[in-house]
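Written below as structure tokens is the structure these notes are about.
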Amino acid sequence: MKPRAFGAAVVAGLVLASAACATTAGAPGKRGDDLTVGVLLPETETSRYETFDRPLIEQAIRHRCPRCTVRYANAENDAQIQHRQMNAMLTQGVDVLVLDPVQEVYLRSLIVEAAQMHVPVVSYDRVAEGPISGYVSFDPAAIGTLQGEGLVKGLGDRARGARVVRVEGPLWNPKHVAVSILERAGAHVSRTYVTSGWTPENAYAVTVGAIANLGAGKIDAVWAANDSLAAGAVSALEEAHADPLPPVSGQDADLSAVQRIVSGEQYMTIYKPYRLQADAAADMALALARGQSLRSIATGTINSATAQDIPSVELAPSLVTVDTVKETVVRGGMYTIDEICTPKYRPACERAGLID
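In case it helps, mature numbering (1 follows the signal peptide of the UniProt record, and there is no 0) puts the sequence shown at residues -22 to -1, 1 to 334.
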């Protein structure tokens, strides 16, 4: 582990200067396996982080490096808490960090300091600003394409002139490609609502507002940024007796969302093979901690507001509808048929052909 150098002046001008070094060389590195990997995830409102990301990242690191130590912290959607957590990990002497930032800008100065200490940072799921050494996520353009095409397919003949309500979480980067796909089909986004947090309760509240403004029968589709928001939107529409329910999108393939899809309450979600993402993050983190190149791991590069040519892995997502549950989340090992088809959902699973 590395002792922390205190009192170093961190200035904004160092961000770009440090970036080129950090993204190409990484840390001097250790040749052995006595490494400490810090893992910082952003929140628990979205179930994926504690259900999939954390255990899969920890498993991937320990499988590749049995003697490695993993330090973990979750920021509970608070950027200041995450700042303190990262500061503590640097003080404790981690060798590398896997960071999913609550806010992309907020930790920039600490990432600069980490680079000065030769502690590489792998940005996970979101691109943190500053001299990060690698990036692992899912292709955002592909996600936007799937959401747009999925909603158009769900609307069918009603796409032309359809009124779409968009429900976003805080600091979500809208997928403009989805807007283009909707517009080409003749649909348009009538209202956009940004929630104060990624919870069903927040989405329920804004969808109730949309229903009050537009009327339940005049919302033709809901473009929800993820499955937690989709859950709240569906609840509000059902309470307003929307019949039939309009197609509702989602993202992350939460188990409850897959069950809503099977039962016809939610039209679609986006499946992301989190194990592949965790494996890529572990490969990057351990290579950087050992001072190795990412050339054999990265599949491309990205640019951020503060760094250029960051080695990256951007994985392909898949669309999940009632017709593709088996070939996506089941075949990918995310859920079993028994987990999806609980007694409550068994009749719907039978109708969907998931069970005999």
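Ideal Cβ positions, reconstructed from N, Cα and C, are used throughout, including at glycine.
In the DSSP assignment, what residue or residues form a beta bridge with residue i?
{"i": "residue 219", "result": "None; residue 219 has no bridge partner."}
{"i": "residue 249", "result": "296"}
{"i": "residue 91", "result": "None, per the DSSP bridge assignment."}
{"i": "residue 201", "result": "144"}
{"i": "residue 75", "result": "16 and 99"}
{"i": "residue 51", "result": "18"}
{"i": "residue 167", "result": "142"}
{"i": "residue 226", "result": "200"}
Between residue i and the rest of its own chain, which residues show a CB-CB distance below 7 angstroms, the 5 nearest in sequence each way excluded?
{"i": "residue 34", "result": "252, 253 and 256"}
{"i": "residue 309", "result": "none"}
{"i": "residue 198", "result": "133, 136, 140, 141, 142 and 224"}
{"i": "residue 196", "result": "141"}
{"i": "residue 313", "result": "233, 236 and 307"}
{"i": "residue 244", "result": "208, 212, 226, 228, 235 and 238"}
{"i": "residue 89", "result": "99, 106, 108, 109 and 110"}
Tell me the DSSP secondary structure of residue i in three-state form.
{"i": "residue 123", "result": "helix"}
{"i": "residue 305", "result": "helix"}
{"i": "residue 331", "result": "coil"}
{"i": "residue 280", "result": "strand"}
{"i": "residue 175", "result": "coil"}
{"i": "residue 65", "result": "helix"}
{"i": "residue 45", "result": "coil"}
{"i": "residue 96", "result": "coil"}
{"i": "residue 289", "result": "strand"}
{"i": "residue 32", "result": "helix"}
{"i": "residue 231", "result": "coil"}
{"i": "residue 325", "result": "helix"}
{"i": "residue 185", "result": "helix"}
{"i": "residue 83", "result": "coil"}
{"i": "residue 157", "result": "helix"}
{"i": "residue 238", "result": "helix"}
{"i": "residue 313", "result": "coil"}
{"i": "residue 269", "result": "coil"}
{"i": "residue 213", "result": "helix"}
{"i": "residue 114", "result": "strand"}
{"i": "residue 263", "result": "helix"}
{"i": "residue 26", "result": "helix"}
{"i": "residue 274", "result": "coil"}
{"i": "residue 130", "result": "helix"}
{"i": "residue 70", "result": "helix"}
{"i": "residue -2", "result": "Any reading at residue -2 must be qualified, since the residue scores a pLDDT of 43, below 50, and its modelled position is unreliable; no value is offered."}
{"i": "residue 193", "result": "coil"}
On a Cα-Cα basis, can you pick out the residue from the options that is closest to residue i?
{"i": "residue 293", "options": "53, 234, 121 and 148", "result": "121"}
{"i": "residue 190", "options": "215, 204 and 323", "result": "215"}
{"i": "residue 47", "options": "54, 71 and 83", "result": "71"}
{"i": "residue 174", "options": "28, 296, 56 and 113", "result": "56"}
{"i": "residue 279", "options": "272, 288 and 273", "result": "288"}
{"i": "residue 119", "options": "159, 301, 209 and 101", "result": "159"}
{"i": "residue 64", "options": "106, 85, 26 and 193", "result": "85"}
{"i": "residue 178", "options": "209, 131, 54 and 249", "result": "209"}
{"i": "residue 172", "options": "166, 161, 164 and 187", "result": "187"}
{"i": "residue 147", "options": "79, 170 and 330", "result": "170"}
{"i": "residue 11", "options": "42, 249, 242 and 281", "result": "42"}
{"i": "residue 176", "options": "27, 164, 250 and 249", "result": "27"}
{"i": "residue 303", "options": "260, 241, 138 and 322", "result": "241"}
{"i": "residue 281", "options": "205, 131 and 101", "result": "101"}
Can you list, in chain order, the residues of its chain whose CB lies under 8 angstroms from that of residue i, leaving out five sequence neighbours each side?
{"i": "residue -1", "result": "The pLDDT assigned to residue -1 is 44, lower than 50, so where the model puts this residue is not dependable, and the model offers no usable value."}
{"i": "residue 156", "result": "122, 123, 125, 126, 129 and 201"}
{"i": "residue 32", "result": "17, 19, 50 and 52"}
{"i": "residue 333", "result": "315, 319, 324 and 327"}
{"i": "residue 249", "result": "231, 295, 296, 297, 298, 306, 307, 310 and 312"}
Would you grab the beta carbon distance between residue i and residue j for me? Rounded to a whole angstrom, and I think it's under 8 angstroms.
{"i": "residue 49", "j": "residue 17", "result": "7 angstroms"}
{"i": "residue 291", "j": "residue 275", "result": "7 angstroms"}
{"i": "residue 24", "j": "residue 230", "result": "6 angstroms"}
{"i": "residue 246", "j": "residue 207", "result": "Wrong, their Cβ atoms sit about 13 angstroms apart, outside the cutoff."}
{"i": "residue 218", "j": "residue 183", "result": "The pair is not a contact, with the Cβ atoms about 13 angstroms apart (cut-off 8 angstroms)."}
{"i": "residue 77", "j": "residue 106", "result": "6 angstroms"}
{"i": "residue 114", "j": "residue 258", "result": "5 angstroms"}
{"i": "residue 116", "j": "residue 295", "result": "5 angstroms"}
{"i": "residue 45", "j": "residue 79", "result": "The pair is not a contact, with the Cβ atoms about 28 angstroms apart (cut-off 8 angstroms)."}
{"i": "residue 300", "j": "residue 330", "result": "5 angstroms"}
Who are the near neighbours of residue i in its chain, counting only those whose CB is closer than 6 angstroms to its CB and skipping five residues on each side?
{"i": "residue 74", "result": "15, 98, 263, 266 and 267"}
{"i": "residue 222", "result": "none"}
{"i": "residue 211", "result": "145, 181, 185, 200, 202 and 226"}
{"i": "residue 83", "result": "107"}
{"i": "residue 205", "result": "228, 230, 232, 235 and 247"}
{"i": "residue 283", "result": "107"}
Please check if any C-beta of chain B sits within less than 8 angstroms of the C-beta of residue i.
{"i": "residue 135", "result": "Protein chains in the displayed structure number just one, and chain B is not present."}
What I want to know is whether the C-beta of residue i ends up closer than 7 angstroms to one or more non-hydrogen atoms of the ligand FMN.
{"i": "residue 25", "result": "The ligand FMN is not part of this structure, which contains no ligands at all."}
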